[in-house]
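Novice:
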Amino acid sequence: AYIQAGREDHIAPAESVWRMTRHLRGPWTFLLAGSGHIAGVVNPPAAKKYQYWTNGGSPETFADFIEGASETPGSWWPHWLGWLHDQDRAEVPAKGKRVPGGKGDTVVEDAPGTYVKTR
Numbered sequence: 002a003y004i005q006a007g008r009e010d011h012i013a014p015a016e017s018v019w020r021m022t023r024h025l026r027g028p029w030t031f032l033l034a035g036s037g038h039i040a041g042v043v044n045p046p047a048a049k050k051y052q053y054w055t056n057g058g059s060p061e062t063f064a065d066f067i068e069g070a071s072e073t074p075g076s077w078w079p080h081w082l083g084w085l086h087d088q089d090r091a092e093v094p095a096k097g098k099r100v101p102g103g104k105g106d107t108v109v110e111d112a113p114g115t116y117v118k119t120r
């Protein structure tokens, strides 16, 4: 399992996300991303923002993870991609509306949709 938490996430606090590791029997990787709930996840490498922390040991607690963690500048996405490749290097080509620049679903209306404006 690959588990990512945001250091300043107020919706899913990092220590709470860490506790998931206590419920897993198989191997897992925990990564702490800089920033919060949105920017901690949506941080493409081209942005050259934030940082992330990993711990190659076997920390028992979140405090142990922090104490032994190494900081890496930039996006955590390349780390995740490396983890994915370690699991299986096979790649599946995108099809249909998932092809970048391809035709997706019919546009109903411009964003934000009327449902957002409804009270």
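Residue 2 is where the sequence shown starts when you use my numbering, and the numbers rise one by one after that.
Even for Gly, the Cβ is constructed at its ideal location relative to N, Cα and C.
(1) Cβ atoms of Ala15 and Gly27: under 8 Å apart, would you say?
(2) Using beta-carbon positions only, say whether Trp77 and Tyr53 come within less than 8 Å of one another.
(3) Would you kindly check if the distance between the Cβ of Gly69 and the Cβ of Pro60 is under 8 Å?
(4) Which residues in the same chain have their Cβ closer than 8 Å to the Cβ of Glu72, if we skip the five residues on either side of it in sequence?
(5) State the start and end residues of the unbroken alpha helix (DSSP H) segment that holds Pro79.
(6) Excluding sequence positions up to five away, which residues of its chain have a Cβ less than 6 Å from the Cβ of Ser17?
(7) Roughly how many whole angstroms lie between the Cα atoms of Glu110 and Asp65?
(8) Ile12: which of Phe31, Ile39, Tyr3, Ala34 sits nearest, CA to CA?
Specialist: On the basis of the data shown:
(1) For this step, residue 27 is matched to residue 26 along the sequence shown. For this step, residue 15 is matched to residue 14 along the sequence shown. In this structure, Ala15 does not lie closer than 8 Å to Gly27 by Cβ.
(2) One-based indexing of the sequence shown puts residue 77 at position 76. One-based indexing of the sequence shown puts residue 53 at position 52. Yes, these two residues count as a Cβ contact at 8 Å.
(3) Residue mapping note: residue 60 aligns to position 59 of the sequence shown, counting from 1. Residue mapping note: residue 69 aligns to position 68 of the sequence shown, counting from 1. A contact, by the Cβ cut-off of 8 Å.
(4) Indexing the sequence shown from 1 puts residue 72 at position 71. Gln52, Tyr53, Trp54.
(5) Here residue 79 refers to the residue found at position 78 of the sequence shown. 78-88 is the span of the alpha helix (DSSP H), which, as asked, contains Pro79.
(6) Position 16 of the sequence shown holds residue 17. Around Ser17: no qualifying Cβ.
(7) One-based indexing of the sequence shown puts residue 110 at position 109. One-based indexing of the sequence shown puts residue 65 at position 64. Their backbone Cα atoms lie some 49 Å apart in a straight line.
(8) In the sequence shown, the residue the question calls residue 12 occupies position 11. For the residues Phe31, Ile39, Tyr3, Ala34, the minimum Cα distance to Ile12 belongs to Ile39.
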